[in-house]
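**Student:** Pasting in a structure now, in structure tokens, and then I'll have a few things to ask.
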Amino acid sequence: LIYSDNYMSHDQGYLRFFAYMSFSNTSMLGLVTSSNLIQIYFFWELVGMCSYLLIGFWFIRPIAANACQKAFVTNRVGDFGLLLGILGFYWITGSLEFRDLFEIFNNVVDNNEVDFLFVTLCACLLFAGAVAKSAQFPLHVWLPDAMEGPTPISALIHAATMVAAGIFLVARLLPLFIVIPFITNLIAFIGIITLLLGATLALAQK
24 LIYSDNYMSH DQGYLRFFAY MSFSNTSMLG LVTSSNLIQI YFFWELVGMC SYLLIGFWFI
84 RPIAANACQK AFVTNRVGDF GLLLGILGFY WITGSLEFRD LFEIFNNVVD NNEVDFLFVT
144 LCACLLFAGA VAKSAQFPLH VWLPDAMEGP TPISALIHAA TMVAAGIFLV ARLLPLFIVI
204 PFITNLIAFI GIITLLLGAT LALAQK
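Okay, structure coming up:
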């Protein structure tokens, strides 16, 4: 924020910039303090909305408008998967509170009271939200274009908000994921593929 004050001081959208940025920071704080999946999803969408506004901050530039649109469309795929996953786990456990959700889910799995294939599918849908938000393969295409926003926003999105939100979601839902070996292997696989792809593209980039 201190750096942004000087960086944006001569921009006509100075007040709009700080309004968007403050709203984004507030949404991120709401996300990390959420105690249930409904709050997670609500603030998840707010973080995304603020990020789209900031990426397309200079919307009169066609390249910035296109970058904003690409980020929006790509993340909608992951957000839809996240919503379906939340509904699936609510159907399985009857609760959205994390404390109850983890306990009930472990009991249901231990007693074989639910189809494990359905559980795995719901977990994959939850993970899809994190994949899109953290720009992991194959939903990584929006992140390079996000640099079209102001420099402080590029730093914020890459280091503290959108990309970090996906990591936070995986960490928050780890008690669910760790019960399903396929999901833990999938998380590792997607991470390795993204790592290798990013390094390979960097070698060929001019």
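Remember, my numbering sits 23 above the position in the sequence shown when you count from 1. The beta carbon of each residue, even a glycine, is placed where N, CA and C say it ideally should be. All figures in this text were calculated on a predicted structure; none of them were measured in a lab.
For the alpha helix (DSSP H) containing N134, list its first residue and its last residue.
**Tutor:** Where N134 is concerned, there is no enclosing alpha helix (DSSP H), given that its DSSP letter is neither H nor E.
**Student:** Is N98 buried or exposed, if buried means 16 or more other CB atoms sit within 10 Å of its CB?
**Tutor:** N98 should be labelled buried.
**Student:** What does the Cβ neighbour count give for D138, buried or exposed, with the cut at 16 atoms within 10 Å?
**Tutor:** Exposed, because fewer than 16 other Cβ atoms sit within 10 Å of the Cβ of D138.
**Student:** If I follow the unbroken alpha helix (DSSP H) through S50, where does it start and stop?
**Tutor:** Start and end: 37-55.
**Student:** Can you tell me whether V70 is buried or exposed, with buried defined as 16 or more other CB within 10 angstroms of its CB?
**Tutor:** V70 is buried by the Cβ-count criterion.
**Student:** Spatial neighbours of A222 within its chain, please: CB distance less than 7 angstroms, with the 5 preceding and 5 following residues excluded, ordered by chain position.
**Tutor:** Nothing meets the Cβ criterion.
**Student:** Hey, G152 and L209 are a contact pair by Cβ (cut 8 angstroms); roughly how many whole angstroms apart?
**Tutor:** Their Cβ separation, rounded to whole angstroms, is 14 angstroms, which puts G152 and L209 out of contact at 8 angstroms.
**Student:** What do you reckon, are the CB atoms on G172 and F80 nearer than 8 angstroms?
**Tutor:** Contact flag set, yes.
**Student:** Report the residue ranges of all alpha helix (DSSP H) runs contained in full by the segment 116-193; include only those spanning at least 4 residues, in chain order.
**Tutor:** Qualifying alpha helix (DSSP H) stretches, in chain order: 121-133, 139-156, 174-182.
**Student:** Below 8 angstroms on the Cβ atoms is my contact criterion, and I expect S50 with F66 to pass it. Report the Cβ-Cβ distance as a whole number of Å.
**Tutor:** That belief holds up - the Cβ atoms of S50 and F66 are roughly 5 angstroms apart, short of 8 angstroms.
**Student:** As a quick exercise: from A183, G101, L124, L166, pick the residue whose alpha carbon is nearest that of P198.
**Tutor:** Checking every option, the nearest Cα to that of P198 belongs to L124.
**Student:** From H233 to A187, what distance separates their C-alpha atoms?
**Tutor:** It is not possible to answer for residue 233, since the shown part of the chain is limited to 24 through 229.
**Student:** Less than 8 angstroms between the beta carbons of I78 and A94, yes or no?
**Tutor:** For I78 and A94, yes; Cβs fall inside 8 angstroms.
**Student:** Considering only residues of the same chain and omitting the five flanking positions on each side of S57, which have a CB-CB separation below 7 angstroms?
**Tutor:** Same-chain partners within the cutoff: I63, F66.
**Student:** Going along the chain, which residues of its own chain have a beta-carbon closer than 6 angstroms to the beta-carbon of L148, five neighbours each way excluded?
**Tutor:** Around L148: G104, L107, G108.
**Student:** Can you pull the DSSP bridge partners for N59?
**Tutor:** Partner(s): E120.
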